[in-house]
Amino acid sequence: MSPTRLLIATHNPGKVREYRELLADLPLEVTYLDAEGITFEVDETGSTFEENAILKARAYAAATGLLTWADDSGLEVDALNGEPGVRSARYGAPDARSDKERTHYLLAKLAGVPAADRSARFRCVVALVAPSGEVQTAEGAFDGRVADAARGDNGFGYDPVFLVADFDYACTLAELEPAVKNQISHRGRAARNARVKLAQMMETRQHEESS
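Note that the working numbering has the sequence shown beginning at 1, numbered continuously upward.
Here is the structure:
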């Protein structure tokens, strides 16, 4: 039986390499948007990470006819009622364009909030959509706290201000080596959970084709 083609809904070849490693033992041919000539972007109009991930996966599955993997993720801060949430990549003033500007905006909103009340978590949801229309989702999250100032040179986004609960809040995500971050991160956890769902979908497909 020929490998199942899986479209990863990203333009980032680095992310594709990570997913290929994660899925290496499954009979898959992993491709991504640029390789398939897909240039359009999907409007993330959902109110949750799950809704946005499904929107993207459905749109790209419909455009290509391929089993599609898409994700959406962000930071949820309890003292801000879950902000930035689904707006994590678009947070801040209308002219905020960079990670640094968005992080500065977040810290300004938390000015004066004591450490004990700065609890937060990163959350990621992966959506898998088959050409048949079947939808499966998987989630990953991990807890932490928003620091008073940015620390560390690794990572991106809000990593420099996210103190990791697993390390007793002693370091930010941006102070961890990438391999360590990938093991504990919300994306890594969601991807590993999604891998289980994907294997189940493929097993069902193979059973249907052989029966």
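We put the beta carbon where it would ideally sit given N, CA and C, even for glycine. Note that the structure is predicted; figures quoted are calculated from it, not measured.
query, result
"Beta-carbon proximity check, residue 144 vs residue 120, cutoff 7 Å", "yes"
"Residues that residue 171 bridges to, as DSSP identifies them", "Residue 171 pairs with nothing; no bridge assigned."
"Ranges of the beta strand (DSSP E) found wholly within the region 40–84, counting only runs of at least 3", "67–77"
"Complete runs of the beta strand (DSSP E) confined to the region 138–187 [at least 3 residues]", "162–164"
"8 Å CB neighbourhood of residue 117 in its chain, flanking five on each side removed", "78, 79"
"Where residue 119 falls: helix, strand or coil (DSSP)", "strand"
"Option nearest residue 85 by Cα separation, candidates 72, 95, 97", "72"
"Reduced DSSP secondary structure (H/G/I, E/B, other) of residue 10", "coil"
"Cβ-based neighbour list, residue 61, same chain, cut-off 8 Å, excluding 5 preceding and 5 following", "7, 67, 68, 129, 130, 131"
"contact_flag[the region 17–25, the region 47–55] where n(CB pairs < 8 Å) is 3 or more", "no"
"CA-to-CA distance, residue 28 to residue 53, given in whole angstroms", "21 Å"
"7 Å Cβ cutoff met for residue 150 and residue 164", "no"
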